[in-house]
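Student: I'd like to ask you about the structure that follows.
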Amino acid sequence: MTISVVLDNEGMISNYVSVFSDISSIKNVEAQLVFLSQHDPLTELPNRLLLNDRLSHAIEKSVRNDEKLALLFMDLDGFKDINDTFGHPMGDKLLQQVSKRLQKYLRQGDTLARLGGDEFLLVVEKFTFVDELEQVSKKIISILSEPFEVQGNKLFVGVSIGISVCPDDGYDASTLIRNADSAMYRAKELGRNNHQFYTCELTKAVTERLALESELRNALERDEFQLYYQPQVELKSGRIIGAEALIRWQSPQRGMVPPNKFILLAEKGGLILSIGEWVMREACRQVIKWRDEGYFLQRISVNVSGLQIQRGRLAETVEQILSETGLEAACLDLEITEGVLMSNPKEVIEILQDLRRLGLSLAVDDFGTGYSSLSYLKRFPINTLKIDQAFIRDIPDAPNDEAIARAIIALGGSLQLDTLAEGVETEAQRDFLLQEGCEFAQGYLYSRPLAENDFIAFMHGNILAGTK
Ligand code: C2E
Ligand code: MG
Ligand code: MG
1108 MTISVVLDNE GMISNYVSVF SDISSIKNVE AQLVFLSQHD PLTELPNRLL
1158 LNDRLSHAIE KSVRNDEKLA LLFMDLDGFK DINDTFGHPM GDKLLQQVSK
1208 RLQKYLRQGD TLARLGGDEF LLVVEKFTFV DELEQVSKKI ISILSEPFEV
1258 QGNKLFVGVS IGISVCPDDG YDASTLIRNA DSAMYRAKEL GRNNHQFYTC
1308 ELTKAVTERL ALESELRNAL ERDEFQLYYQ PQVELKSGRI IGAEALIRWQ
1358 SPQRGMVPPN KFILLAEKGG LILSIGEWVM REACRQVIKW RDEGYFLQRI
1408 SVNVSGLQIQ RGRLAETVEQ ILSETGLEAA CLDLEITEGV LMSNPKEVIE
1458 ILQDLRRLGL SLAVDDFGTG YSSLSYLKRF PINTLKIDQA FIRDIPDAPN
1508 DEAIARAIIA LGGSLQLDTL AEGVETEAQR DFLLQEGCEF AQGYLYSRPL
1558 AENDFIAFMH GNILAGTK
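FYI, the numbering used here numbers position 425 of the sequence shown as 1532, with every residue one higher than the one before it.
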C-alpha cells in the first residue's frame, strides 16, 4: 500500500490517497529468481553456487567440532551413450530420476548437489570411520545399478565415485572438490562403477579396518580372546582386594592385540555386545575356578562398554551369568567410563539402579577425563571412583596433576565413595596417594595384568608374604 497526501490551495491537507496493489506475484518471482540462481533447474538440487556456500559452512563447523567431513564426487558411467543414442530429453529425464533415487537414500543433513552434466556431489558430515564412507559408496552404486524406466525404455547407468575427506585431504571447499574429482578419475580408470579415496593411505586404512573387523568377528567363535587379571590392592596394607579383568586378543595373524586396538571397532559393529558377555562370563567363571583351587578373590572388576548399557539389557544378562556360574553378586564390580555415564545420565541412572539391585558394585572408570556434572555424580548409585592414570603418571613432578588427584580423592570422600588410583608405578606415587587418603590402587608397582596362571602365582606369593 502507498499513501500520498493531497493539499488544497492554502497548503492544508485535504485528502489522502491510498493505493493498494497485490505484489505477491513480484515477490514470488523474486523468490523464484533466488531459487533459480542457487539450484539446478532440471533436478532442483543445489547448484555449484549454493554447494560452495553450504560446504564452506559445513567445513567450518566440522573443524570447530573436531569432526570429519567427506565429499563424494559422483560421475555417471555410460551417460554419454544414452544421451547420444536416445537424445537429450531422455537424458534429462534420466538425470531427474537419478537425483530422486539419490535423494531418497540421503540422511538428513547430508547435502546433495548437481555440479552440471552427469556430475553429482554428496557432502557427508560427521562420520567416525572411513569405512562408513565405503558403505555409503557401495549403497549408492547398488541403488543406481537398478535399471531406470524412461518413456518405456529400460536404461542402465553406473557411477564412479571419488572421495575426499576433511581435514585429511584439504581444509577448503575448492581443494576438497578438486581432490574428490581426481579420485573419481582414478575410479573411472580402474574400470568404473567403483569408488576410490583421494589418498591411498585412506584406501589402505579402510582395507585394513575391514580385514580387522572380519577377523574380529571370527575371533569369538575361534576362542581367540583371553582375559588378563590385574590385582587391585589396599594402599595401606598392600593386601589384594580384587582384580580387574582385561581382555586380550591372541590373533593367529597379528599376535597379541591390546584392547585399545579393537574395542572401539567392536563397539561400532555391535560386536562388543557378545564380546562383553563373554568377558563377564569368563571372569565370573574364573573366580569360581580359583576358589575351587583354594584361592579366594574377594572381587572381580569387569569393564562394561557404553553399548552394553544402552542396548544390552545388562541387568538381565548379568543376573543370568551370575546364576550360571554360581558367583555371588557381591563379588562382581562393573567399571563404566565417566564418558558413558555422562552421555545420557537420566537413562543411565535407571539402568545402574537395576544393576545395583542385584547386589553388585559399580565403579566409574577413567574418572577425571570426562566432563562430570557434579549434581549427577551424586545421584548415580556408584561405589568407587577410579582416578585416571593420566593424573597419576607424572606425580610427583606435576603440581597440576597432584591438585586434580587430591581434589578427586576429596570429592570421593565427601560423596562417600571409595577412590582407587589407576596406573600407580612408583613408590613416590603410592606415598602421595596414601598421604592424601586414597584407599585403593592398581598399577605396575604391584603387578602388570597377568594371565590366569601367573595371577595364581601372584596370589600365592601374596599369601606367603602375608603369613610371614
Ligand atoms: P582401563 O579399564 O582403564 O584399564 C586400565 C589399563 O591401564 C589397562 O590397559 C592396564 O593394562 C593399564 N595399566 C594398568 N596399570 C598400569 C600402569 O601402572 N601403568 C600404565 N602405563 N598402564 C597401566 P589395557 O589392558 O590395555 O586396557 C585398555 C582399556 O581397554 C581399558 O582401560 C578398558 O577401557 C578397555 N578394556 C579392556 N578390557 C575390556 C573389556 O573386557 N571390555 C571393555 N568394554 N573394555 C575393555
Ligand atoms: Mg577399567
Ligand atoms: Mg581406567
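Yeah, the Cβ is synthetic: ideal placement off N, Cα and C, and Gly gets one too.
Quantities reported herein were computed from a predicted structural model and do not represent experimental measurements.
When DSSP labels each residue in this structure, what does P1153 get in the three-state scheme?
Tutor: If DSSP states are grouped into helix, strand and coil, P1153 belongs with the strands.
Student: Looking at L1462: is its Cβ nearer than 8 Å to the Cβ of V1425?
Tutor: yes
Student: Could you pull the start and end residues of the beta strand (DSSP E) that D1440 belongs to?
Tutor: L1439 to T1444
Student: Could you tell me the alpha carbon to alpha carbon distance between E1315 and Q1303, rounded to whole angstroms?
Tutor: 15 Å
Student: To which residues of the same chain is D1561 closer than 8 Å at the C-beta, ignoring the five residues directly before and after it?
Tutor: none
Student: Just tell me which of L1157, G1383 and V1231 has its CA closest to the CA of L1179.
Tutor: If you compare the alpha carbons of L1157, G1383 and V1231 with that of L1179, the shortest gap goes to V1231.
Student: Alpha carbons only, please: which of G1277, N1325, E1457 and C1391 is nearest the one belonging to Q1427?
Tutor: C1391
Student: Does D1225 have its Cβ less than 8 Å from a Cβ in chain B?
Tutor: This model lacks chain B altogether, as it is built from one protein chain only.
Student: On the criterion of 16 or more Cβ atoms from any shown chain inside 10 Å, does G1362 qualify as buried, or is it exposed?
Tutor: Exposed, since its Cβ has fewer than 16 Cβ neighbours within 10 Å.
Student: Is E1445 near ligand 5, in the sense that its beta carbon is under 7 Å from a heavy atom of that ligand?
Tutor: As far as ligands go, the structure on display features ligand 1, ligand 2 and ligand 3 and does not contain ligand 5.
Student: Quick check: what's the CA-CA separation for N1300 versus E1174?
Tutor: 29 Å
Student: In chain order, which continuous runs of the beta strand (DSSP E) of length 3 or greater are located wholly inside the segment 1440 to 1476?
Tutor: 1468 to 1474
Student: Do L1353 and P1506 have their C-beta atoms within less than 8 Å of each other?
Tutor: no
Student: For T1235, does the three-state DSSP call read helix, strand or coil?
Tutor: coil
Student: Quick one, which of D1279, D1330, Y1292 and Y1335 has its alpha-carbon nearest A1558's?
Tutor: Y1335
Student: From V1112 to D1129, what does the alpha carbon distance come to, in whole angstroms?
Tutor: 21 Å
Student: Indicate the three-state DSSP secondary structure (helix, strand or coil) for P1338 in the structure shown.
Tutor: strand
Student: Can you give me the Cβ contacts of A1535 inside the same chain, cut-off strictly under 6 Å, excluding the 5 residues immediately before and after it?
Tutor: P1503
Student: Can you find a heavy atom of ligand 1 that lies under 7 Å from the Cβ of S1412?
Tutor: Result yes, Cβ under 7 Å from ligand 1.
Student: So what does DSSP say about M1291, is it helix, strand or coil?
Tutor: helix
Student: Is T1533 helix, strand or coil when you go by DSSP?
Tutor: coil
Student: Assuming N1193 is part of the beta strand (DSSP E), what are its boundary residues?
Tutor: Per the sequence shown, the amino acid found at residue 1193 is Phe instead of Asn. Where F1193 is concerned, there is no enclosing beta strand (DSSP E), although the alpha helix (DSSP H) it sits in stretches over F1186 to F1193.
Student: From this set, D1115, I1570, E1117 and M1108, which residue's C-alpha is nearest R1344's C-alpha?
Tutor: It should be noted that the sequence gives Ser, not Arg, for residue 1344. Among D1115, I1570, E1117 and M1108, the Cα nearest to that of S1344 belongs to I1570.
Student: Exposed or buried, which one is F1227 when buried takes at least 16 other CB atoms within 10 Å?
Tutor: buried
Student: Between the Cα of K1187 and the Cα atoms of L1209, G1224, L1176 and R1208, which residue gives the shortest distance?
Tutor: G1224
Student: Check whether the segment 1473 to 1484 and the segment 1427 to 1441 touch, using three or more Cβ-Cβ pairs below 8 Å as the test.
Tutor: no
Student: If I follow the unbroken alpha helix (DSSP H) through A1436, where does it start and stop?
Tutor: Unbroken run through A1436: none, as it is neither H nor E.
Student: Using only alpha-carbon positions, find the residue among L1527, A1564 and R1398 that is nearest to Q1549.
Tutor: L1527
Student: When the Cβ atoms of the segment 1388 to 1407 are set against those of the segment 1355 to 1370, are three or more pairs found closer than 8 Å?
Tutor: Not touching, per the Cβ criterion.
Student: Note down, in chain order, each residue of its chain lying with its Cβ closer than 6 Å to the Cβ of Y1305, except the 5 sequence neighbours on either side.
Tutor: S1271, D1276, N1286 and A1290
Student: Which residues mark the beginning and the end of the beta strand (DSSP E) in which I1110 is found?
Tutor: T1109 to L1114
Student: Within its chain, find whatever has a CB closer than 6 Å to the CB of Q1204; leave out the 5 residues flanking it on each side and keep chain order.
Tutor: F1255
Student: Please state whether the Cβ-Cβ distance between V1411 and L1448 is less than 8 Å.
Tutor: no
Student: Just the C-alpha distance for G1520 and Y1483, rounded to the nearest angstrom, thanks.
Tutor: The alpha-carbon of G1520 is positioned some 16 Å away from that of Y1483.
Student: What is the DSSP secondary structure of T1491, reduced to helix, strand or coil?
Tutor: strand
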